[in-house]
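Chains A, B and C, in that order, give the protein sequences. Each residue of the first sequence is one higher than the one before, starting from 1 at the first, in our numbering. Each residue of the second sequence is one higher than the one before, starting from 1 at the first, in our numbering. Each residue of the third sequence is one higher than the one before, starting from 1 at the first, in our numbering. For reference, the structure discussed in these notes is given below.
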Amino acid sequence: MTEKKQAALIVGGGVAGMQAALDIASQGFKVYLVERTPSIGGRMAQIDKTFPTLDCSACILTPKLSEVAHHKNITLLTYSEVGTVTGKSGDFRVRVRRKARFVKEDLCAGCGDCAAECPVEIPNEFDMNLGFRKAIYVGFPQATPNVYTVDKENCIDCGRCLKVCQRNAIDLEMKDKTMDLHVGAIIVATGFELFDVSQYPRLGYGHYANVIHAMEFERIINAAGPTHGHLVRLSDGKKPHSIGFIQCVGARDVQKGVPYCSRVCCMYSIKNAVMALEHYPDAEVWVYYADIRAFGKGFEEFYEMAKKRFGVKFVRGRVAEVMEGKNTGNLVVKVEDTESSKVRLIEHDMVVISPGVIPSEGMHTMATKMGIEQTDDGYVQIDHSFFGPILTKVPGVFVCGCADGPKDIPDSVSAGSAAAMKATIILSKGGV
Amino acid sequence: MNTEVSTSMKTEKEWEPRIIAYCCNWCSYAGADLAGTSRIQYPTNARIVRVNCTGRLSPEFVLAALNMGADGVLVSGCHPGDCHYTSGNLKARARWALMETAIEQAGVDPRRVRLQWASASEAQIFADGVKAIVEQVRELGPIRSEWK
Amino acid sequence: MSDAKEEPRIGVFVCHCGHNIAGTVNVAAVAEMARHLPHVAFATDEMFMCSDAGQTLIKEKIKELNLNRVVVASCSPRMHEPTFRRVVEEADVNRYLFDQVNLREHVSWCHSREPEKATEKAKDLVRMSVARAAKLEYLPIKSVDVIPKTLVVGGGIAGLRASLDIAERGFDVILVEKDSQLGGNVAKWTHLFPSDESGAQVIGPLIHDVKKHKRIKILVNSKVSEFDGYIGNFGVTIKNQSTGKAHRYEVGTVIVSTGFEPFKPVGYYGYGTSPDIVTLAELQEMEPGKQLLKSSDGKPVKKIVFIGCVGSREPGKKGHEHCSRHCCSATAKAAGDLRDRVDEALVLYQDIRTYGKGHEEFHRLARQKHVIYSKFPQDGHPEVEVKNGKIKLRWFDVLGGVELQFEPDLLVLASAMIPPVDMDETAKMFSLTRSGDGFFNPEHIKLAPLTTHTAGVMIAGAAQAAKNASESVIDASGAAAKAVGLMAQGKVEIESTVSHVLPDICSSCHTCVTACPYGAIAMDEEHDPPVAIVTEAKCKGCGTCAAACPSSAIVMYHSTDEQILTMVEAYLCATPGLQGGGSV
Numbered sequence: 001m002t003e004k005k006q007a008a009l010i011v012g013g014g015v016a017g018m019q020a021a022l023d024i025a026s027q028g029f030k031v032y033l034v035e036r037t038p039s040i041g042g043r044m045a046q047i048d049k050t051f052p053t054l055d056c057s058a059c060i061l062t063p064k065l066s067e068v069a070h071h072k073n074i075t076l077l078t079y080s081e082v083g084t085v086t087g088k089s090g091d092f093r094v095r096v097r098r099k100a101r102f103v104k105e106d107l108c109a110g111c112g113d114c115a116a117e118c119p120v121e122i123p124n125e126f127d128m129n130l131g132f133r134k135a136i137y138v139g140f141p142q143a144t145p146n147v148y149t150v151d152k153e154n155c156i157d158c159g160r161c162l163k164v165c166q167r168n169a170i171d172l173e174m175k176d177k178t179m180d181l182h183v184g185a186i187i188v189a190t191g192f193e194l195f196d197v198s199q200y201p202r203l204g205y206g207h208y209a210n211v212i213h214a215m216e217f218e219r220i221i222n223a224a225g226p227t228h229g230h231l232v233r234l235s236d237g238k239k240p241h242s243i244g245f246i247q248c249v250g251a252r253d254v255q256k257g258v259p260y261c262s263r264v265c266c267m268y269s270i271k272n273a274v275m276a277l278e279h280y281p282d283a284e285v286w287v288y289y290a291d292i293r294a295f296g297k298g299f300e301e302f303y304e305m306a307k308k309r310f311g312v313k314f315v316r317g318r319v320a321e322v323m324e325g326k327n328t329g330n331l332v333v334k335v336e337d338t339e340s341s342k343v344r345l346i347e348h349d350m351v352v353i354s355p356g357v358i359p360s361e362g363m364h365t366m367a368t369k370m371g372i373e374q375t376d377d378g379y380v381q382i383d384h385s386f387f388g389p390i391l392t393k394v395p396g397v398f399v400c401g402c403a404d405g406p407k408d409i410p411d412s413v414s415a416g417s418a419a420a421m422k423a424t425i426i427l428s429k430g431g432v
Numbered sequence: 001m002n003t004e005v006s007t008s009m010k011t012e013k014e015w016e017p018r019i020i021a022y023c024c025n026w027c028s029y030a031g032a033d034l035a036g037t038s039r040i041q042y043p044t045n046a047r048i049v050r051v052n053c054t055g056r057l058s059p060e061f062v063l064a065a066l067n068m069g070a071d072g073v074l075v076s077g078c079h080p081g082d083c084h085y086t087s088g089n090l091k092a093r094a095r096w097a098l099m100e101t102a103i104e105q106a107g108v109d110p111r112r113v114r115l116q117w118a119s120a121s122e123a124q125i126f127a128d129g130v131k132a133i134v135e136q137v138r139e140l141g142p143i144r145s146e147w148k
Numbered sequence: 001m002s003d004a005k006e007e008p009r010i011g012v013f014v015c016h017c018g019h020n021i022a023g024t025v026n027v028a029a030v031a032e033m034a035r036h037l038p039h040v041a042f043a044t045d046e047m048f049m050c051s052d053a054g055q056t057l058i059k060e061k062i063k064e065l066n067l068n069r070v071v072v073a074s075c076s077p078r079m080h081e082p083t084f085r086r087v088v089e090e091a092d093v094n095r096y097l098f099d100q101v102n103l104r105e106h107v108s109w110c111h112s113r114e115p116e117k118a119t120e121k122a123k124d125l126v127r128m129s130v131a132r133a134a135k136l137e138y139l140p141i142k143s144v145d146v147i148p149k150t151l152v153v154g155g156g157i158a159g160l161r162a163s164l165d166i167a168e169r170g171f172d173v174i175l176v177e178k179d180s181q182l183g184g185n186v187a188k189w190t191h192l193f194p195s196d197e198s199g200a201q202v203i204g205p206l207i208h209d210v211k212k213h214k215r216i217k218i219l220v221n222s223k224v225s226e227f228d229g230y231i232g233n234f235g236v237t238i239k240n241q242s243t244g245k246a247h248r249y250e251v252g253t254v255i256v257s258t259g260f261e262p263f264k265p266v267g268y269y270g271y272g273t274s275p276d277i278v279t280l281a282e283l284q285e286m287e288p289g290k291q292l293l294k295s296s297d298g299k300p301v302k303k304i305v306f307i308g309c310v311g312s313r314e315p316g317k318k319g320h321e322h323c324s325r326h327c328c329s330a331t332a333k334a335a336g337d338l339r340d341r342v343d344e345a346l347v348l349y350q351d352i353r354t355y356g357k358g359h360e361e362f363h364r365l366a367r368q369k370h371v372i373y374s375k376f377p378q379d380g381h382p383e384v385e386v387k388n389g390k391i392k393l394r395w396f397d398v399l400g401g402v403e404l405q406f407e408p409d410l411l412v413l414a415s416a417m418i419p420p421v422d423m424d425e426t427a428k429m430f431s432l433t434r435s436g437d438g439f440f441n442p443e444h445i446k447l448a449p450l451t452t453h454t455a456g457v458m459i460a461g462a463a464q465a466a467k468n469a470s471e472s473v474i475d476a477s478g479a480a481a482k483a484v485g486l487m488a489q490g491k492v493e494i495e496s497t498v499s500h501v502l503p504d505i506c507s508s509c510h511t512c513v514t515a516c517p518y519g520a521i522a523m524d525e526e527h528d529p530p531v532a533i534v535t536e537a538k539c540k541g542c543g544t545c546a547a548a549c550p551s552s553a554i555v556m557y558h559s560t561d562e563q564i565l566t567m568v569e570a571y572l573c574a575t576p577g578l579q580g581g582g583s584v
């Protein structure tokens, strides 16, 4: 037995990983939270509003970000990746690669003087590449830690940032570092990616400027986003008067290797449809769907509200094709309305595709490192639906959030807490 | 308390009802929050004062508001039986009758006050309640016409 | 320590919340107005007050300008009051000297079409808050020990899982179940999804482990009859329903996992008029024999029909508006399983909501096995007629555009998950609120699904909303983590917002003693003459006593008469120069 504090490693700083971190740390155990990108927050930070309450996503998330950042038992390792994992439950050795961010975390105050000076502008991944950032950047205003990062691929080494930084926090010679951790339990909370909707050429994404996908829509209607919250078309900056949302793209499609339901698309699209009408009450908003899956707490009620109070129109049918009109940038959606068995052509000036959810990039590498099994779909294989829905096949390694399958925010949060429970049972037994 | 200042600078034509809305934290204040998140639109006339429970409100709070120039007072709490503090709202309801008599005796139309129950999930009921009292008070005119 | 007598120096921070507030309210004008209010030493507007930058700004300004009160005009205090209280405290300002104005939920979002009037309202609300802030008083921060024991109410799959997790983590558990057996609904079911076990196979080992565990005390046939106290220190009386014996326990935390009840759909689709019309739950409880037999005449079932959304998804019908979440997948699984034993199987549905991992696969498998799915319209449900023991079914098939008829041997109604009959009793017992679906309200529907507004009381499983067994298990472990989090720390802070009797003014009339719903006020016999005295640990801060006291001898901390009325006055009797926007 040792008096040394037991520690857990959490991989992934989205809402599930953050919740797990907080629930472990609150019990007095140490937590290392490893996040691949420069900031924690995950997908939820990118979302504008959340269903079914239309809460502003950033608003409810930011206190969590700062709670995680300020917790004395949590060590944030952002812009870092898990290297090797050895050992067994209660006694894992993990090597973490801390990528050089070329800015010293302990010195940077997040003032932004460097970015103002930086001459390089590149598309911002956080804004789904619709907006721009500098080569030295923070992805979004509430980024946590509030520390800048140099994107060396695009940096031209002009050194102007070095000159303006009053704290001498920038070090363009910085090298990657490795860190060895000794932990009792590991939680995989690596989240999800969006299905690449350009795999459906018939829907026009990538060809027609006014066909966008849902995460792009989220950024466009977000006040901190590339259009400062003005809902406009990308082709000409005009307000859309008629918007069509296309459901089940990269979900429930055996042909594309995504046979499962993505769980969140129905609700996020209804929410986006409502938000569009919030922006422009006179607009016409249509949703093309296969089944409306409003199954969570308050979801069905929200769906009813969207229909009745906001007047969102729902058409049951898989969209066959999206065509672009000549010169107008407008789009025509061809769909069989299965309720009337009629093929309809409906014109919109903006089309929003709802991509399904797929396992996060690098899931396979991660799984291999940890020795955990994956499902045919590429998610983490859980041990058992009832006995161990957050256990993996490797003792001491747990999973939560979308790493084992699509989930909405409350289900991810709940799973984060559950994973924390399982991890702390191991940590409390000590033994390292 | 001063009734003089309450006859504000605004002229009769511009008169807008001024409503004090006492809401309990657990049901009606939350219901008002939900009205906001659900983007339900209702008149801007009410100013919410948050109290823990409608049981906190003695008749004096209503009378004082009217006395200071409120054209109407809304008290909104949890449904009877649903009080976060078991029974505070029942106390409020019991006091309500007394309070109505008191304001009537003071020469104020009791239609200027409204007691309603709106739970945390009843955003529409909350919004409708605000609308109802604003319309009612608009009909009755400014309070200063009544205080003798 | 801030001295309450010190001249108030208030900082006012008006939040844009991106476009959420600033898109409607002229936040700069609000801040400008605030700058000229009495006692205001500083006022500004800022993009996101809750962000690190916003929080740092508050702390910097407190230090720089020696602020001793802070007003943040942003979103609902129900969400962010704890955040900002922590922020001011980090800058050595007592948390009770903070006040929040709700410019988002109560102004910009509900008056988005009236920006000028919204701005006027925002100014009024800020003025009211500043007036209140000036009257706020320092209150001590109190913490109490947490009794390292959890009460788990309900011994279904969620309650069992939560109990076991807490016990394995090293804390004691009292598990109360009103039934004579543990296991809840899951124990009765024969076709669980998505794995192939029966309910008994799943619940059996769990019950075994729970019974074996030394740290878990199981009380079946029992109900909580009394509950009082506060986070970390609850007193609970548990009564055995058969013996009538009651016993009192002290616990630090509570998990309510009281589950659901399958809706008995009397009045729907002929339910109750024929023994061959059953609910999905009743089908699940039938003997899983080789052949499915009709209850009416014992003959084999050859044709089976399932109808979905029975008592669910009915807009405008209280308690039945929600989707019951589990039924589509449960139906797909049951129909697929039974298809091999019958000649025809039909599923009548509105939408197929097989959303979970592996659920779509059941749906697909059912279709591959030639289970026929037929969609009926929301406004035209199937009609059932029972004649001479025969069930006649007519409905409109939306996708084919035709009226269809069928005579099933067995009609299965996938009925809603509704709260148990004693839900109201449980809600009152633990001061929980219920949402439109009748289940318990979590503290926050997105980010705090397992905690409630009663500090120290968690909810898990179907007590929170309709959900399936696997999801309930996850919730249970999550709620266990919340309980353990409190117990592992050993101490928890409690609110200082309690009432206090001024002994010199008290007329010893006993009014407050009877008014207090918690029995927190008694007569202090040691005082001469005896006056009322509040046991702070029992006081929950409702303020009913303060309102009832005829002598105005009771001060309700943080909600004093003065603190409330000054807001009213600030709105109604503002000096002209400081009035709201003015309706020009």
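Here a beta-carbon is modelled for each residue, glycine too, at the ideal position from N, C-alpha and C. All values reported here derive from a predicted model rather than from experimental measurement.
| Asked | Found |
| --- | --- |
| Heavy atom of the ligand MG within 6 Å of residue 103(B) beta-carbon | Ligands displayed in this structure: none; no statement on the ligand MG is therefore possible. |
| Reference residue 362(A); option with closest CA among 225(A), 189(A) and 301(A) | 189(A) |
| CB contact below 7 Å: residue 50(C) versus chain A | yes |
| Members of the region 256-288 of chain A near chain B, C-beta cut-off 7 Å | 278 |
| Integer-rounded CB distance, given that residue 164(A) should sit under 8 Å from residue 148(A) | The Cβ separation is near 12 Å, so there is no contact. |
| The region 40-53 of chain B touching the region 16-27 of chain B, judged by at least three CB pairs closer than 8 Å | yes |
| Cutoff 6 Å; reference residue 72(C); Cβ partners in own chain excluding five residues on either side | 13, 49, 84 and 100 |
| Same chain, Cβ closer than 8 Å to residue 329(C), neighbours up to 5 away in sequence not counted | 193, 194, 353, 354, 355, 356, 359, 362, 363 and 468 |
| For residue 603(C), the first and last residue of its enclosing alpha helix (DSSP H) | Lying before the first or after the last residue shown, residue 603(C) is absent from chain C, which here runs from 1 to 584. |
| Contact the region 94-108 of chain C vs the region 156-167 of chain C: 3+ CB pairs below 8 Å | no |
| Contact with chain C by residue 142(A), beta-carbon distance below 7 Å | yes |
| Which residues DSSP lists as bridging residue 459(C), in chain order | 256(C) |
| C-beta neighbour in chain A for residue 446(C), strict 7 Å | yes |
| Any C-beta of chain C under 7 Å from that of residue 374(A) | no |
| Any chain C beta carbon closer than 7 Å to residue 344(A) | no |
| The region 28-48 of chain C: positions lying closer than 8 Å to chain B by Cβ | none |
| Delimiting residues of the alpha helix (DSSP H) encompassing residue 96(B) | 88-105 |
| Chain-ordered chain C contacts of residue 118(A) [CB-CB under 9 Å] | Result: empty, since nearest Cβ-Cβ is about 19 Å, beyond 9 Å. |
| Neighbouring residues, chain C, relative to residue 295(A) (Cβ below 7 Å) | 323, 325, 353 and 355 |
| Option in 115(C), 284(C) and 119(C) with minimal Cα separation from residue 34(C) | 119(C) |
| Between the CA atoms of residue 76(A) and residue 55(A) - distance to the nearest angstrom | 27 Å |
| Touch test, the region 339-350 of chain C against the region 371-386 of chain C, Cβ-Cβ under 8 Å, three pairs minimum | yes |
| Closest by C-alpha distance to residue 160(A), when choosing among 203(A), 302(A) and 115(A) | 115(A) |
| Straight-line Cα distance separating residue 32(B) from residue 123(B) | 6 Å |
| Residue 23(B) - containing beta strand (DSSP E), residue span | 19-24 |
| Segment contact, 8 Å Cβ cut-off, at least three pairs: the region 6-25 of chain C with the region 77-87 of chain B | no |
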